[in-house]
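Residue numbers (this note's numbering): 119 to 795. Structure first, commentary second.
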């Protein structure tokens, strides 16, 4: 999946550094009730601190110390400021975007909206890690992978260190980055959300298509195209005199984004109403070579949106689909009831409680001895590098590419559900690429699929929910990242962010260089050092033999061997309550193991990985038999996946085992297999 700009000057700092002393003669600048410092933003450095209201005290403490240094500072949370224009202007205004990271920030849409917009505006980001038992994941984790600083708050002294780091980083960024936009001084901003004067419409519908005059044609084109969906649809042009908007009466709000809509106050008010009432928003950009940057850019930040300009673009074939079909699917999904976080976690909560009750009934002491679940957020995960065997084949082992037609092509499995929420499906690899290489990627994906390699990549270019969340979920679920390196990949903001998040999560890499003579930055060279790399300038190269083995099979074997060696990558994607229940259950199972003497962690006799006896998934076995004995016309191989050695990694998912295995030959057929498989 090609996806955002990482900053190459990434520095992760601890809080155990002597802070820069604060001058005692600096002039105090207070932060008023609207969270704006009294310092002018024309001749000073502008710092925006974004947080959830549960971390407001931390934000205010940091802000006051920053203002004491004669810098201008503004606070932004999920409720303040209220209006879209004020929120967008605050992010445009800042020289550095400081985010106080917390579990609540991760799970609050308006907080993540602001962070996604800061990323889109290429703002330098500083992460303040405020919770010791939370590691960011999803879009938050991915965007923070490009942060210029990451600072852990552990005590009062760390506040001073954090401030000194923020100021030093900001001044460095000010030298190299200038804000090109003419933004309004925050003291002059009118935070009027227009909620009290909004002209409410009375039309009831399932889908409300909202336009201005310059998007009216596209709005009506979409209306006509969606009529056969049996959805109740209406179009409202908010440029008309005495226009009203029925946004409160709809289920899905579909704004047709154009320059005129961005300049129309009623349109902004309609979007504010849609956000306030938690409507599902499906945006459509109706102007070619244009993308909103102001408050409307805030709305679509990190969000899946569609581009439809006329009848031709609406129906232009894109592999097995077209834009209007993709829009129809997204609209129908958005019309479905969306479960709340509480509803989504209720099932896991009940399951955890049942397991806790079982442990409680077996333990002599309750509660069990608790251990620390503090996370060292400053310690990056490290991948496992393996020594790959030299490829070698003595008999016939040619490559045959199986072209999959449009009718039979099976797209990669969905990585998020219909609500845009992670499915946490275990993957052998994720393909990371820039869209210009999609034809090559599709051909190689077909070969991976024929060899039973569980692979995901963004094939359609549109997903449910957040694009950054979908990308991050793919990285989190994959054992190996198969990277198609090209000049455009390195230049792509989103591709570089994808690669940086993969590095932060400690993923293994297999690198395909798709172009020659391409300079790589130092952080990329360090990330891929020691991992297998291949020059694949065209698909035909994959047919070439390396010691008798086709290059595509060498690549697949590298993916499998690396994937088998990687440890699990747990993701803390839950509320504080669920995290506490998970931690308590983990401690209870440790206590039960100590009392009974039964080992909880064992070594799998199939893959060699250590596994939790309560969580056995994550292993692979072969789905068919091994053909060979060294004397045939064909190269010895597993017929299910073309791997050559008898002890090669499996190709279909199964549970770990700890019982002995034997390799059994069937003399009648001349085939062999493992017992148990």
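Even for Gly, the Cβ is constructed at its ideal location relative to N, Cα and C.
Go ahead and pull the three-state DSSP assignment for residue i.
i	result
residue 230	helix
residue 648	coil
residue 496	coil
residue 243	strand
residue 684	coil
residue 386	helix
residue 753	coil
residue 250	coil
residue 302	coil
residue 546	strand
residue 792	strand
residue 216	strand
residue 224	helix
residue 514	strand
residue 800	This structure does not reach residue 800, given that the chain is present from 119 up to 795, and the question cannot be answered.
residue 678	helix
residue 745	strand
residue 477	helix
residue 205	helix
residue 778	coil
residue 266	coil
residue 371	strand
Does the beta-carbon distance from residue i to residue j come in below 8 Å?
i	j	result
residue 413	residue 386	yes
residue 494	residue 261	no
residue 389	residue 373	yes
residue 496	residue 270	yes
residue 177	residue 218	yes
residue 470	residue 703	yes
residue 183	residue 215	no
residue 605	residue 633	yes
residue 259	residue 619	yes
residue 666	residue 765	no
residue 668	residue 517	yes
residue 687	residue 623	yes
residue 720	residue 776	yes
residue 392	residue 399	yes
Can you give the Cα-Cα distance for residue i and residue j, rounded to whole angstroms?
i	j	result
residue 491	residue 330	53 Å
residue 756	residue 569	10 Å
residue 224	residue 696	15 Å
residue 164	residue 417	23 Å
residue 430	residue 202	33 Å
residue 545	residue 725	16 Å
residue 432	residue 683	46 Å
residue 362	residue 485	59 Å
residue 274	residue 507	53 Å
residue 370	residue 198	25 Å
residue 811	residue 574	A question about residue 811 goes unanswered here, because the residues of the chain that appear run from 119 up to 795.
residue 646	residue 358	57 Å
residue 196	residue 205	10 Å
residue 438	residue 444	10 Å
residue 681	residue 589	19 Å
residue 171	residue 228	12 Å
residue 425	residue 209	25 Å
residue 505	residue 473	40 Å
residue 251	residue 598	26 Å
residue 584	residue 420	5 Å
residue 302	residue 627	45 Å
residue 481	residue 555	57 Å
Sorted by chain position, which residues of the same chain lie with C-beta nearer than 6 Å to residue i's C-beta, five sequence neighbours on each side aside?
i	result
residue 607	552 and 613
residue 653	631
residue 774	722, 729, 734 and 737
residue 191	155, 165, 181, 184 and 185
residue 428	none
residue 678	767
residue 503	648
What residues in its chain sit with their C-beta under 8 Å from that of residue i, if we drop five residues either side in the sequence?
i	result
residue 692	463, 466 and 700
residue 249	219, 220 and 221
residue 717	711 and 731
residue 280	133, 180, 246, 269 and 271
residue 483	709
Might you give, ordered along the chain, the residues of its own chain that have their beta carbon closer than 7 Å to the beta carbon of residue i, omitting 5 neighbours on each side?
i	result
residue 254	219, 224 and 262
residue 368	323, 324, 325, 326 and 397
residue 450	347
Within the stretch 562–621, ranges of the alpha helix (DSSP H) (whole runs, at least 4 residues): 585–595 and 605–609
Runs of alpha helix (DSSP H) wholly within the stretch 309–351 (minimum 4 residues, chain order): 334–343
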